[in-house]
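Right, one structure below, let's go through it.
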Amino acid sequence: MMVRYAQVEQGAPFPDTPEDPPHITDLKQKRQSKMEEMEQDPILTCLYRMRFGASQLYVYALAWVAVIICAPVYVDYNFLVRQVPARCVVPSCDGNDTSFNESFVQWAIPENQQCKVYQRSEANITECEEEYFSNDTETSCSEWVYDTSLFTSTTVTEFDLVCDSDWLRPLAGSMYMLGMLLGAITIGDLADRFGRKMGILVSVLLLGGGGVLSAVSPNYTMFLVMRLLTGAGGVGLFQVTFVLAVEFIGAKWRTFVGIMIEVPFALGEAMTGVFAIFIRDWRWLQVAVTAPAFLLLSYMWLMPESVRWLVSQGRKSDAIKIINKAAKVNGVEVPKHLLEDTNPEIPTVDGTISVANSKDDLVKEDQPPKVKKTVLDLLKTPNMRRRSFNMFYCWAVCTLVYYGLSSNSGNLGGNIFVNFIATMLIEIPSYVFSYLVLDRMGRKGTLTFVLLLGGGACFISGFIPKGKPSGHSASLMPTPTPLTHAKFAHSIRIEVE
């Protein structure tokens, strides 16, 4: 969840603070004027003044489908790299048909030890009897037997990520996060240069291709590389789809659209748990959650390009075609007279400012050169620098907690599948809550509230006594509750951001 949209009332600039020098205040006013000019472009006005009709609903529905499809890869780590009970192979005792819990384990394997086996009293003895094992001498092993009662196969069992190789297991999550970082930067810039649909195409190929190839990986190294590509594709698909959907909707509905598009994300995450109930082999599970991405290749024909992006690139004829089609679907008429020259400046997917010059701008005298804003502009002034570092810290903390809670959902007591699904679905009430209170409590008020709620829930959960609830409910109810409350609060925090 890397892109979020919070609408500020149109025409109301951010309040200046005493720390802003006069030239910064002047720059703010100029930027606000340019943004208003972009919003008042006749072509965009035709689109944004339409009601939320069938054409907008069509684009929004396609966006929902894309978000549902990209969401599972964010959390499938819980099942793909799940740690399962393991023990050493006991020579002459274990065979092809032996299971994890065998009678000889009592005298051949040290208690609570998965990396050691008792050495035989005499080296030439091959019989599997208790009297031939010495409880005084332990030796390391190089082969393991795994408990397959819950999952028939995970990457841990497939690549023996136990004992001395246990440190390799978390790398799957690290590589995915690294892929998200690279994808957010590169695919966002690509979508700004070549269009939102091109960004979707590249994301789909990375997500689907990386996911399917990781499912057939012959070794852990290839699996890690494919996880990086999958992470880049997953975040890119959500990011570009989010922006395209918001850009197609008028300002009146953008807050609703920007927040409620997270609902299918939570549904897609929960769907991973449903798949895992029926698919207990990690390779087939990976195919099940990533192969559907290839269906989104049809968006090259089904999904219209962003009108806002087309206008910014000077492709007004293409933009007008899309608007005419949308108007026809909505049953409204488009004004016949559309101005041909605008000088749009729009916020881009990667956070920069994209400027497109009209022909008239090229011949205007005394026109200052257009400068492309970059992310470095966030650090140029003291006031903006302080705000940026504040947000950087909030994002880092909330991302750590959000994914930490998501990854830990399978370790709670009770049914791991019910726990996982419930932890994912708890996000949905948070999105509804944030939409209802965002304009009432304000950004800072809502942010303060949810941070206190989430931090308090996480703090309290650390003092919950260890123990298993009694009764049949122990296998059905997700525990402990404060953890789900904490994720509830932190998912609200991300929306406020």
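As numbered in this note's numbering, residues 206 to 702 make up the sequence shown, in order.
Note that the Cβ used here is the ideal one computed from N, Cα and C, for glycine as well.
According to DSSP, is D305 helix, strand or coil?
-> The sequence shown places Phe at residue 305, rather than the Asp named in the question. F305: coil per DSSP, three-state reduction.
N169: first and last residue of the uninterrupted beta strand (DSSP E) it sits in = As displayed, the chain neither begins before 206 nor continues past 702, which places residue 169 out of reach and without an answer.
How would you label K530, buried or exposed, when you count the other beta carbons within 10 angstroms and need 16 or more for buried?
-> Exposed is the call here.
Buried or exposed for I274, please, with buried defined as at least 16 other CB atoms from any protein chain shown within 10 angstroms of its CB.
-> I274 comes out buried.
Simplified DSSP state of V485, which is helix, strand or coil | Note that residue 485 is Arg in the sequence shown, not Val. Collapsing the DSSP output to three states places R485 in coil.
Return the CA-CA distance between G415 and L433, expressed in angstroms with no decimal places.
-> 8 Å
Is it a yes or a no for the region 628 to 648 touching the region 453 to 465, going by three-plus beta-carbon pairs under 8 Å?
-> yes
Which partner residues of V322 appear in the DSSP bridge assignment?
-> According to DSSP, V322 bridges with T344.
Rounded to a whole number of angstroms, what is the C-alpha to C-alpha distance between S611 and F625?
-> 8 Å
Check: Y504 C-beta below 8 Å from any heavy atom of the ligand NAP | The ligand NAP is not among the ligands present in this structure, which contains no ligands whatsoever.
Burial state of A456 (16 or more Cβ within 10 Å) | exposed
Can you give me the Cβ contacts of R292 inside the same chain, cut-off strictly under 6 Å, excluding the 5 residues immediately before and after it?
-> Cβ-Cβ distances below 6 Å link R292 to I314, Q319 and V350 in the same chain, with the five nearest sequence neighbours on each side left out; the list follows chain order.
Run the CB neighbour count on A561, radius 10 Å, all protein chains shown included, and call it buried at 16 or more, exposed below.
-> At A561 the pLDDT is 43, less than 50, meaning the model places this residue with poor confidence and gives no usable figure here.
Touch check for the region 496 to 508 and the region 644 to 663: three-plus C-beta pairs under 8 Å?
-> Flag = no, the region 496 to 508 and the region 644 to 663 do not touch.
Near T342, what residues of its chain come up, given a Cβ to Cβ distance below 6 Å and the 5 sequence neighbours on each side ignored?
-> Q324
Which runs of the alpha helix (DSSP H) fall wholly inside the region 460 to 535 and span at least 4 residues, in chain order?
-> 467 to 483, 487 to 495, 504 to 507, 512 to 517 and 521 to 535
Name the DSSP beta bridge partners of Y265, please?
-> Partner(s): none; Y265 has no beta bridge.
Three or more beta-carbon pairs under 8 Å between the region 474 to 483 and the region 374 to 388, yes or no?
-> Taking 8 Å as the limit for Cβ pairs, the verdict is that the region 374 to 388 does not touch the region 474 to 483.
Just grab the DSSP bridge partners of V350 for me.
-> Looking at the DSSP assignment, V350 forms a beta bridge with R292.
Apart from the five residues just before and just after S339, which ones in its own chain have a Cβ nearer than 8 Å to its Cβ?
-> Y323, Q324, R325 and S326
Other residues of its chain near S422: CB distance less than 8 Å, five sequence neighbours each side excluded | F428 and M431
Whole-Å CB distance - Y636 paired with V468, under 8 Å assumed | 6 Å
Does the beta-carbon of S408 have 16 or more other beta-carbons within 10 angstroms, so that it is buried, or is it exposed?
-> buried
Cutoff 6 Å; reference T357; Cβ partners in own chain excluding five residues on either side = R485 and D486
In angstroms with no decimal places, state the Cα-to-Cα distance between A396 and V294.
-> 52 Å
In its own chain, which residues sit with a C-beta less than 7 Å from the C-beta of Y282, not counting the 5 before and 5 after it?
-> A377, G378, Y381 and S612
Write down the C-beta distance between R401 and W514 rounded to the nearest angstrom, noting that I regard them as a contact closer than 8 Å.
-> With a beta-carbon spacing of about 6 Å, R401 and W514 fall inside the 8 Å limit used to define contacts.
From this set, G404, R287, K526 and M596, which residue's C-alpha is nearest M505's C-alpha?
-> The closest CA to that of M505, considering only G404, R287, K526 and M596, is found on G404.
Beta-carbon separation of C663 and V623 under 9 Å?
-> Not in contact: C663 and V623 (Cβ atoms no closer than 9 Å).
Per DSSP, what kind of secondary structure is S358 in: helix, strand or coil?
-> strand
E336 burial status per 10 Å Cβ neighbour count (16 or more: buried) = exposed
DSSP three-state call for E334: helix, strand or coil?
-> coil
Just confirm the distance between the C-beta atoms of G439 and I392, as a whole number of angstroms; I'd bet it's less than 8 Å.
-> Actually they do not touch by this definition, with Cβ atoms about 10 Å apart.
Could you give the distance in angstroms between the alpha-carbon of A475 and the alpha-carbon of L418?
-> Rounded to the nearest angstrom, the two C-alpha atoms are 23 Å apart.
Exposure label - R459; buried when at least 16 CB within 10 Å | buried
Separation of L507 from G619, as counted between CA atoms | Rounded to whole angstroms, G619 to L507 spans 43 Å at the Cα level.
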